[in-house]
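Residue numbers (our numbering): 6 to 105.
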Amino acid sequence: MGAVLPMLANFEFAREYGNSFDINNFISLANSNPAAQSISRDLLVGASAIFIWIVNESKKLNMKNMWVVYIGTFLIAFAFSAPFFLFLRERRIIELEKIN
């Protein structure tokens with residue numbers, strides 16, 4: 006769901022505003038009224054904080070192939086990468102518990 010729902014909205018944006026994904030227009034529309042600004046800024050702050058935690062936590066746990074999560078944050082959606090990271094993190098913790 007975290008990948009599908011945001012991507013459907015992105016496809017709808019591309020269909021409605023032109024096939025090329027115009028990031029400037031996207032940002033402009035995301036800030037076009039106070040409600041949109043509130044959601045956009047809330048997501049920016051929350052996603053930034055969680056992304057920093059993901060980077061630090063993945064290093065602490067010596068997790069491999071984290072580039073998928075990092076790139077997925079920007080190319081797919083934060084709603085995809087955060088739950089995906091939590092899944093990978095849980096698997097890594099279980100793996101480390103078995104080793105110890």
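C-beta atoms are modelled at their ideal positions from N, C-alpha and C, and glycine is treated no differently.
Discussion item. In whole angstroms, give me the CA-to-CA distance for PHE54 and LYS65.
Written reply: To locate residue 54, count along the sequence shown from 1; it is residue 49. To locate residue 65, count along the sequence shown from 1; it is residue 60. For the record, residue 54 in the displayed sequence is Ala; it is not Phe. Near 17 Å, if we compare the C-alpha coordinates of LYS65 and ALA54.
Discussion item. Can you give me the C-alpha to C-alpha distance between GLU95 and ILE57, rounded to a whole angstrom?
Written reply: Position 90 of the sequence shown, counted from the first residue, corresponds to residue 95. Position 52 of the sequence shown, counted from the first residue, corresponds to residue 57. One C-alpha to the other measures close to 18 Å.
Fill in: Residue range of the alpha helix (DSSP H) that includes ASP27
Mapped onto the sequence shown, residue 27 falls at position 22. Here ASP27 belongs to no alpha helix (DSSP H), and DSSP marks it neither H nor E.
Item to complete: Look at ALA82 and ALA8 and say whether their C-beta atoms are less than 8 Å apart.
Response: Here residue 82 refers to the residue found at position 77 of the sequence shown. Here residue 8 refers to the residue found at position 3 of the sequence shown. For ALA82 and ALA8, yes; Cβs fall inside 8 Å.
Worksheet item: Skipping 5 residues on each side, what residues in its chain have a beta carbon closer than 7 Å to that of MET71?
Response: Start at 1 with the first residue of the sequence shown, and residue 71 comes out as number 66. The answer, listed in chain order, is SER63.
Worksheet item: For MET6, which of helix, strand or coil comes out of DSSP?
Response: For the purposes of this step, residue 6 is taken as residue 1 along the sequence shown, with counting starting at 1. The answer is coil: DSSP assigns MET6 none of H, G, I, E or B.
Item to complete: State the start and end residues of the unbroken alpha helix (DSSP H) segment that holds ASN61.
Response: For the purposes of this step, residue 61 is taken as residue 56 along the sequence shown, with counting starting at 1. It spans 39-65 - the alpha helix (DSSP H) in which ASN61 sits, taken as one unbroken run.
Item to complete: In the DSSP assignment, find the alpha helix (DSSP H) that holds LYS103 and state where it starts and stops.
Response: Your numbering for residue 103 matches position 98 in the sequence shown. Looking at the DSSP string, the run of the alpha helix (DSSP H) that includes LYS103 is 83-104.
Discussion item. So, for ASN30: in the same chain, excluding its five sequence neighbours on each side, which residues have a beta-carbon less than 7 Å away from its beta-carbon?
Written reply: As a working note, residue 30 is residue 25 in the sequence shown. Only TYR22 meet the Cβ criterion.
Worksheet item: If we ignore side chains and look at the alpha-carbon of each, how far apart do ILE32 and ILE98 end up?
Response: Sequence index remark: in the sequence shown, residue 32 carries index 27 (1-based). Sequence index remark: in the sequence shown, residue 98 carries index 93 (1-based). So the alpha carbons of these two residues sit roughly 37 Å apart.
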